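Student: In my numbering, the protein residues as written are 8 to 91.
Where a beta carbon is used, it is the ideal one built from N, C-alpha and C, also for glycine.
This structure is a prediction, so every number in the text was calculated from the model and none was measured.
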């Protein structure tokens, strides 16, 4: 594995894991009142495009990061709809 891909995987782990506390807090407290649905919809759309890009260029770090980030973003969107 190339050193660039290792750097990408480390960056992916750090940036993707930053969403975990938000998902945890939203589900634990059943509240998303301070979360912008518009921001998460736009962000999730961008993440899908990054995922497609990663698949097209065959970049493991981009694919993993954006697949997991998309899942976490979708959990926030689901929580936002559920805890209205």
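For a test of the three-state rule: what should DSSP assign to residue 37, helix, strand or coil?
Tutor: By one-based count along the chain shown, residue 37 stands at place 30. Residue 37: coil per DSSP, three-state reduction.
Student: Would you kindly report the start and end of the unbroken alpha helix (DSSP H) that includes residue 64?
Tutor: Stepping through the chain shown from its first residue, residue 64 is reached at position 57. Per DSSP, residue 64 belongs to the alpha helix (DSSP H) from 44 to 64.
Student: Would residue 39 pass as a contact of residue 76 if the rule is Cβ separation under 9 angstroms?
Tutor: Taking the first residue of the chain shown as 1, we reach residue 39 at position 32. Taking the first residue of the chain shown as 1, we reach residue 76 at position 69. No, these two residues do not count as a Cβ contact at 9 angstroms.
Student: For residue 87, which three-state DSSP category applies?
Tutor: As a position in the chain shown, residue 87 is number 80, starting the count at 1. Helix.
Student: Measuring CA to CA, which of 11, 21 and 10 is closest to residue 73?
Tutor: Counted from its first residue, the chain shown places residue 73 at position 66. Ranking the options by Cα distance to residue 73, first place goes to 21.
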